[in-house]
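Read through the structure below, which is laid out as structure tokens, and then see the notes.
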Amino acid sequence: MFIYKCFSCGCEVSSEKELSDVVCPKCGEKMLRVKPPMKLGEILVHFGLIDAEKVERALDIQKRIDHHYPLGKILVKLGLISSNQLYEILGIQRKAFFGVKL
Ligand SMILES: [Zn+2]
Numbered sequence: 003m004f005i006y007k008c009f010s011c012g013c014e015v016s017s018e019k020e021l022s023d024v025v026c027p028k029c030g031e032k033m034l035r036v037k038p039p040m041k042l043g044e045i046l047v048h049f050g051l052i053d054a055e056k057v058e059r060a061l062d063i064q065k066r067i068d069h070h071y072p073l074g075k076i077l078v079k080l081g082l083i084s085s086n087q088l089y090e091i092l093g094i095q096r097k098a099f100f101g102v103k104l
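Residues 3 to 104, numbered by my numbering, are exactly what the sequence shown covers, in order.
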């Protein structure tokens, strides 16, 4: 079971199979997958801030240095996203996943 949630109005959609580009039936915002939860890299790609290939590159670097080092910081250091974009996405991530039972 896949669950998608609108970070804007909080409504949820569930589906037996994975969907792509789910749009909120109430407000038309792009919905985030909360079960299983989307990773930061996926959310950035979802909002079109970065392409998947660049996320892969950053994940590679993360594996080599320290897998606990935050991916977002690596992306900012590589100049692939701005710190403002990171801050915004982390806010959306918290908002979407807050209070959601997984
Ligand atoms: Zn909505």
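Positions of the beta carbon are idealized from the N, C-alpha and C atoms, including for glycine.
- Run through DSSP, which three-state label would Tyr6 get? strand
I think Pro39 touches Phe99, with their Cβ atoms under 8 Å apart; what is that distance to the nearest whole Å?
6 Å
Taking just the CA atoms, how far does Cys26 sit from Cys13?
So the two alpha carbons sit approximately 7 Å from each other.
Should Leu61 and Gly74 be called a contact, given that it needs their Cβ atoms to be closer than 8 Å? no
Cβ atoms of Phe4 and Lys19: under 8 Å apart, would you say?
Result yes, Cβ atoms of Lys19 and Phe4 sit closer than 8 Å.
Problem set entry | Limits of the alpha helix (DSSP H) - the one that Val78 falls within | 73-79
For Val57, name the three-state secondary structure that DSSP assigns.
helix
Problem - Beta-carbon proximity check, Asp23 vs Lys37, cutoff 8 Å - result: no
Give me the Cα-Cα distance between Ser10 and Ser16, rounded to the nearest whole angstrom.
17 Å
Name, in chain order, the residues that DSSP records as bridge partners for Ser17.
Phe4
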